[in-house]
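First to last, the sequence lines map onto chains A, H, Y and P. When we follow the working numbering, the leftmost residue of the first sequence carries the number 1, and every step to the right adds one. When we follow the working numbering, the leftmost residue of the second sequence carries the number 153, and every step to the right adds one. When we follow the working numbering, the leftmost residue of the third sequence carries the number 305, and every step to the right adds one. When we follow the working numbering, the leftmost residue of the fourth sequence carries the number 457, and every step to the right adds one. The C-beta atom is built at its ideal place from N, Cα and C for all residues, glycine as well.
Protein chains: 4
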Amino acid sequence: LSATATRPPRPTRAAYRRFQPIATRWNDNDVFAHVNNVVYYSWFDTAVTRFLLDTGLVDLRSTAIIGLVVETQCRYHAPVSFPDEVAVGLRVDRIGTSSVRYGIGIFRADDPLAAADGHFIHVYVDRATQRSPQPLPAAFRDALAPLLTAQA
Amino acid sequence: LSATATRPPRPTRAAYRRFQPIATRWNDNDVFAHVNNVVYYSWFDTAVTRFLLDTGLVDLRSTAIIGLVVETQCRYHAPVSFPDEVAVGLRVDRIGTSSVRYGIGIFRADDPLAAADGHFIHVYVDRATQRSPQPLPAAFRDALAPLLTAQA
Amino acid sequence: LSATATRPPRPTRAAYRRFQPIATRWNDNDVFAHVNNVVYYSWFDTAVTRFLLDTGLVDLRSTAIIGLVVETQCRYHAPVSFPDEVAVGLRVDRIGTSSVRYGIGIFRADDPLAAADGHFIHVYVDRATQRSPQPLPAAFRDALAPLLTAQA
Amino acid sequence: LSATATRPPRPTRAAYRRFQPIATRWNDNDVFAHVNNVVYYSWFDTAVTRFLLDTGLVDLRSTAIIGLVVETQCRYHAPVSFPDEVAVGLRVDRIGTSSVRYGIGIFRADDPLAAADGHFIHVYVDRATQRSPQPLPAAFRDALAPLLTAQA
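This is the structure in structure tokens:
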């Protein structure tokens, strides 16, 4: 389905640093018996949030800064269908003053090539106002560092 | 939330050619009481499909070619929350041999600036095999033409 | 599809007191090109919450008591498919000390008979602890009264 | 949250015959930081469909009869929140001429008592017309039998 000459190749698992297993659900499938394009983003979201919770730096009830999603993108390469199991590959592409760009790849079963890949950008803001960007704390940067790659 | 110097400005309604009203649902909201980033893509999907059905060119049960989604992207500018009503602005950015790129803007209530904007790319393939790209029929191109803009 | 002799008949619109219009979304449809059974409950939820917000008694950010959903049920009578528009009929079946049981009917387009019907039970609890049931305030009972029917 | 004297007790795992693990997703959570009531039904649906696919009796693309969902119900006993893992307990309550009623329990992490429980009723119909109920084939009954309990 590579429609354009400029479309980048399908990433491999080596392009990611952490993998989150996700089981498809029956109602992820659409009329064409494939997982609907929208659902992939719920997997992106889940993989990023699981990483943040697992680091222990973010607690959903008490955290003073929250990550607002400012941009997401996904390229779809090959179908995924319920009851497939997928692994969501996660890496960090860039750590800015207040922002983090994650690179994400969706891998179906044992396929070495990504069924889809994309990115997800968080900007950290004050939780109460949800407005002014806040600098990422040092502990946060330290937790992100192991996922950083030279890809972007 | 414009995190980077290169982030394009929020589009206005004038950038779109057709508007699909969508009502938010209670479970569109996430923990932060805003519509979750994933949900916007279900609105993209709905606006494109409604347009295709309304043209009469696509019938979900009988169409010989189907549009596979190969890429989507969304930039989030301002929050939307249930029970907001939104209008999904739609335009056509590019008509390729087998592909169509739609530009999409999400407008909340009476806000003249988009709360989010992005794109959605379909590649048309044979329905049975869901593989080889198929040229867009002339009638299809004719239906898309009124939505075409010079934006991309 | 009335599988059992005891299955109650499809309700009419006269059985409900308030109607919430809802537009289907493309990804509401499942593999069989009908709205998936799960989605109906998001319409139940949306109709109840819209009613509560519209009364002005509930504010999602400040309310001291919250309604926990303790039981829901739906019977499916006839298919609904994107791009159908539906009306969600709402009534109040019973007002208890701390609980409210709503009766709900899903009506497709101009169909006089419900495509689905069911119920939805809220128990009100203290927001902070989300545990001990709280008596419904008088203003709350007054707002519910016009929707009360003799059906249950 | 047992609001009424007649509310049945929370089932234990012993009441079910098969368990399907399901991982919560970030956008399963609602404004109150608990999995939204609607989402539980997607787990019901997924557990039943996984069982049917795993038996080998149902193939989503070729099956001549399909199970239409005619009734579902859920009682909610205790909250579940992302990133909880849940196990969906499944049993068969009744096998009719053309219908199957499943009993379902949602168990959070290591909790011996169900966080929610309910039922799910399929009526089998001809796939092409999706109307007239069809008798369950003998092989189908044989596959259901090991899940049958004396509960209903």
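Inset, instruction - Any chance you could list the beta strand (DSSP E) runs of at least 3 consecutive residues sitting entirely within the stretch 1-58 of chain A, in chain order? - result: 18-23
Legend entry - Coil, strand or helix - residue 539 of chain P by DSSP: Residue 539 of chain P: coil per DSSP, three-state reduction.
Legend entry - Proximity test, Cβ basis, 8 Å: residue 457 of chain P and chain A: Caution is warranted here: a pLDDT of 46 is assigned to residue 457 of chain P, below 50, making its placement in the model unreliable, and the coordinate value is therefore given only provisionally. Not an interface residue.
Legend entry - Alpha-carbon to alpha-carbon, residue 362 of chain Y and residue 356 of chain Y: In a straight line, the C-alpha of residue 356 of chain Y is about 6 Å away from that of residue 362 of chain Y.
Legend entry - Stretch-stretch touch, CB-based, cutoff 8 Å, three pairs: the stretch 533-552 of chain P with the stretch 562-571 of chain P: yes
Legend entry - 8 Å Cβ cutoff, residue 487 of chain P in contact with chain H: yes
Legend entry - Simplified DSSP state of residue 291 of chain H, which is helix, strand or coil: Looking at residue 291 of chain H - three-state DSSP - the assignment turns out to be helix.
Legend entry - Residues sharing a beta bridge with residue 133 of chain A, DSSP: A:125
Legend entry - Rounded straight-line distance, which links the Cα of residue 465 of chain P to that of residue 587 of chain P: 37 Å
Legend entry - Min CB distance residue 36 of chain A to chain P below 8 Å: no
Inset, instruction - Count the C-beta pairs between the stretch 236-244 of chain H and the stretch 129-145 of chain A that are closer than 8 Å, then say yes if the count reaches three, no if not. - result: no
Legend entry - Any C-beta of chain A under 8 Å from that of residue 197 of chain H: yes
Legend entry - 8 Å Cβ cutoff met for residue 344 of chain Y and residue 378 of chain Y: yes
Legend entry - Members of the stretch 510-544 of chain P near chain Y, C-beta cut-off 7 Å: 516, 522, 524, 525, 526, 527, 528, 529, 530, 531, 532
Inset, instruction - Kindly indicate which three-state DSSP category residue 268 of chain H falls into: helix, strand or coil? - result: strand
Inset, instruction - Give me the Cα-Cα distance between residue 135 of chain A and residue 271 of chain H, rounded to the nearest whole angstrom. - result: 30 Å
Inset, instruction - Measure the beta-carbon distance from residue 123 of chain A to residue 133 of chain A and round it to whole angstroms, keeping in mind my assumption that it falls under 8 Å. - result: 6 Å
Legend entry - Proximal residues of chain A, C-beta to C-beta of residue 193 of chain H below 8 Å: 37, 38, 41
Legend entry - DSSP three-state assignment for residue 152 of chain A, whether helix, strand or coil: With a pLDDT of only 46 at residue 152 of chain A, under 50, the local geometry of the prediction cannot be trusted, and the value read off the model is given with reservation. Here residue 152 of chain A sits in coil by DSSP.
Legend entry - Best match in A:37, A:121, A:85, A:28 for proximity to residue 19 of chain A [C-alpha to C-alpha]: A:85
Inset, instruction - With a 10 Å radius around its C-beta and 16 neighbouring C-beta atoms as the bar for buried, classify residue 264 of chain H as buried or exposed. - result: With fewer than 16 other Cβ atoms from the protein chains shown falling within 10 Å of its own Cβ, residue 264 of chain H counts as exposed.
Legend entry - From P:488, P:527, P:506, P:522, residue whose alpha carbon lies closest to that of residue 311 of chain Y: P:527
Inset, instruction - Note down, in chain order, each residue of its chain lying with its Cβ closer than 6 Å to the Cβ of residue 195 of chain H, except the 5 sequence neighbours on either side. - result: Residues 174, 240 of the same chain have their beta carbon placed closer than 6 Å to that of residue 195 of chain H, with the five preceding and five following residues left out of the count.
Legend entry - Cβ-based neighbour list, residue 430 of chain Y, same chain, cut-off 7 Å, excluding 5 preceding and 5 following: 369, 436, 438
Inset, instruction - Mind checking who residue 555 of chain P pairs with in its DSSP beta bridge? - result: Beta-bridge pairing links residue 555 of chain P to P:579.
Legend entry - CA-to-CA distance, residue 603 of chain P to residue 67 of chain A, given in whole angstroms: Here the alpha carbons of residue 603 of chain P and residue 67 of chain A stand approximately 45 Å from one another.
Legend entry - residue 198 of chain H, buried or exposed, once every other Cβ within 10 Å from all chains shown has been counted against 16: buried
Inset, instruction - Take residue 169 of chain H and list the residues in its own chain whose beta-carbon comes closer than 6 Å to its own, dropping the five residues that flank it on each side. - result: 243, 299
Inset, instruction - Report yes or no: is there a C-beta of chain Y within less than 8 Å of the C-beta of residue 171 of chain H? - result: no
Legend entry - Extent of the continuous beta strand (DSSP E) run through residue 63 of chain A: It is not in any beta strand (DSSP E) - residue 63 of chain A carries neither H nor E in the DSSP assignment.
Legend entry - Whole-angstrom distance between residue 14 of chain A and residue 249 of chain H, CA atom to CA atom: When rounded, the distance between both Cα atoms is 34 Å.
Inset, instruction - Could you tell me how far apart the beta carbons of residue 335 of chain Y and residue 29 of chain A are, in whole angstroms, since I believe they sit closer than 8 Å? - result: 5 Å
Inset, instruction - Report the option in P:483, P:493, P:585 whose CA atom is closest to the CA atom of residue 50 of chain A. - result: P:483
Inset, instruction - Within the same chain, show all residues whose beta-carbon is closer than 7 Å to that of residue 572 of chain P, passing over the 5 residues directly before and after it, in chain order. - result: 496, 530, 531, 532, 533, 562
Legend entry - Cα-Cα separation between residue 453 of chain Y and residue 25 of chain A, rounded to whole angstroms: 38 Å
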